[in-house]
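Position one of the sequence shown corresponds to residue 1 (the UniProt record's numbering), numbered consecutively onward. Cβ coordinates follow ideal geometry from the N, Cα and C atoms, glycine included. The block underneath contains the structure these notes are about, expressed in structure tokens.
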Amino acid sequence: MSQGINEPVKMKGKRTSEYEIRSMLDKRVKTTNSPDESLNEQVENFQYWLMKAEPNSRIVKGKDIKFSIDDLADMPDGISQWDGVRNYEARNIMRDNMKVKDKVLFYHSNCKTPGIAGLAEVVKEAYPDYTAFDESHPYYDPKSNKDNPRWFMVDIKLVRKFNRLITLKELQAHKDKLKDMVLLNRGRLSVQPVKKEHYDFILELEIQ
Numbered sequence: 001m002s003q004g005i006n007e008p009v010k011m012k013g014k015r016t017s018e019y020e021i022r023s024m025l026d027k028r029v030k031t032t033n034s035p036d037e038s039l040n041e042q043v044e045n046f047q048y049w050l051m052k053a054e055p056n057s058r059i060v061k062g063k064d065i066k067f068s069i070d071d072l073a074d075m076p077d078g079i080s081q082w083d084g085v086r087n088y089e090a091r092n093i094m095r096d097n098m099k100v101k102d103k104v105l106f107y108h109s110n111c112k113t114p115g116i117a118g119l120a121e122v123v124k125e126a127y128p129d130y131t132a133f134d135e136s137h138p139y140y141d142p143k144s145n146k147d148n149p150r151w152f153m154v155d156i157k158l159v160r161k162f163n164r165l166i167t168l169k170e171l172q173a174h175k176d177k178l179k180d181m182v183l184l185n186r187g188r189l190s191v192q193p194v195k196k197e198h199y200d201f202i203l204e205l206e207i208q
């Protein structure tokens, strides 16, 4: 899987700052083990993310960087590395914040109808992105090497494909509920934190 493109999304309104994103990343909830609470009332110890990939074929240096949710489903056990990220902020999120069992909204980007196509989860935490060492790879970086890797990736596993695509246009129509969602304010960032209330609202949208 190669993911290195962020599509431009022009939005009016409040811009989510890098400081606000960092604040979101610092608010990792803790599991409560109180015997007085039911399992349904316990707070899960994981975070939520949105990760972008291109569902349509695009050839870069002779390699097709296409990767849709169907491509993820076709991988052995539905698991793929998330390589090709060449943005420092996105890299830092993967390297420093993503943990096993974190939930991922799989987003189709740089296409006619961008939107959230399904759910995945993190199954392996950050390790060096070896595609950066490969001179033939579209996202080769001569400044990254095995002794001092610059770029990192995680592995994700498909949970399920949505029954329908939740389009960017639909998300924009619910800006009252999603007004500070990173996607709607900093659309170019390819790996983004997602608040739990936004994640839950998006799951509700699927069945509407």
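From the options, pick the residue whose C-alpha is nearest to that of residue i; which is it?
i: PRO149; options: GLU54, LYS63, VAL85, LEU171; result: VAL85
i: MET104; options: ASN110, MET94, LYS112; result: The sequence given here has Val at residue 104, not Met. Checking every option, the nearest Cα to that of VAL104 belongs to MET94.
i: GLN47; options: ASP70, ASP102, PRO128, ASN92; result: ASP102
i: ARG179; options: VAL194, ASP134, ARG188, ILE166; result: Note on residue identity: the sequence assigns Lys, not Arg, to residue 179. For LYS179, the nearest C-alpha among the options comes from VAL194.
i: VAL154; options: ASP147, ASP74, ALA90; result: ALA90
i: SER80; options: MET51, PHE201, GLU170, HIS198; result: MET51
i: GLY62; options: SER136, GLU197, ASP70; result: SER136
i: ASP71; options: ARG188, GLU125, ARG160; result: ARG160
i: ARG58; options: ASN110, ALA73, ILE69, ASP96; result: ASN110
i: GLU197; options: GLY187, VAL182, ARG186, ARG188; result: VAL182
i: LYS112; options: ARG188, HIS174, TRP49, GLU54; result: GLU54
i: ASN92; options: ASP129, GLU170, GLY78; result: ASP129
i: PRO76; options: ILE156, ILE202, TYR199; result: ILE156
i: HIS174; options: ASN97, ILE202, TRP49; result: ILE202
How about residue i and residue j: are their beta carbons less than 8 angstroms apart?
i: PHE67; j: MET1; result: yes
i: HIS108; j: ALA117; result: yes
i: LYS99; j: VAL123; result: no
i: TYR190; j: ASN87; result: Position check: residue 190 holds Ser in this sequence, whereas Tyr was assumed. Yes, they are a contact pair.
i: GLU204; j: ILE166; result: no
i: TYR127; j: PHE162; result: no
i: LEU168; j: PRO114; result: yes
i: GLN172; j: LEU184; result: yes
i: PRO138; j: ILE65; result: yes
i: ASP176; j: THR131; result: no
i: ASP147; j: TYR140; result: no
Could you check what DSSP says for residue i in three-state terms: helix, strand or coil?
i: GLN208; result: coil
i: MET1; result: coil
i: GLU41; result: Any reading at GLU41 must be qualified, since the residue scores a pLDDT of 36, below 50, and its modelled position is unreliable; the value itself is stated next. In this structure, GLU41 counts as helix in the three-state DSSP scheme.
**Item:** Every unbroken alpha helix (DSSP H) inside the UniProt domain "EVE" (47-205) [4 residues or more]
**Value:** Runs found: 69-74, 88-96, 168-173, 175-178.
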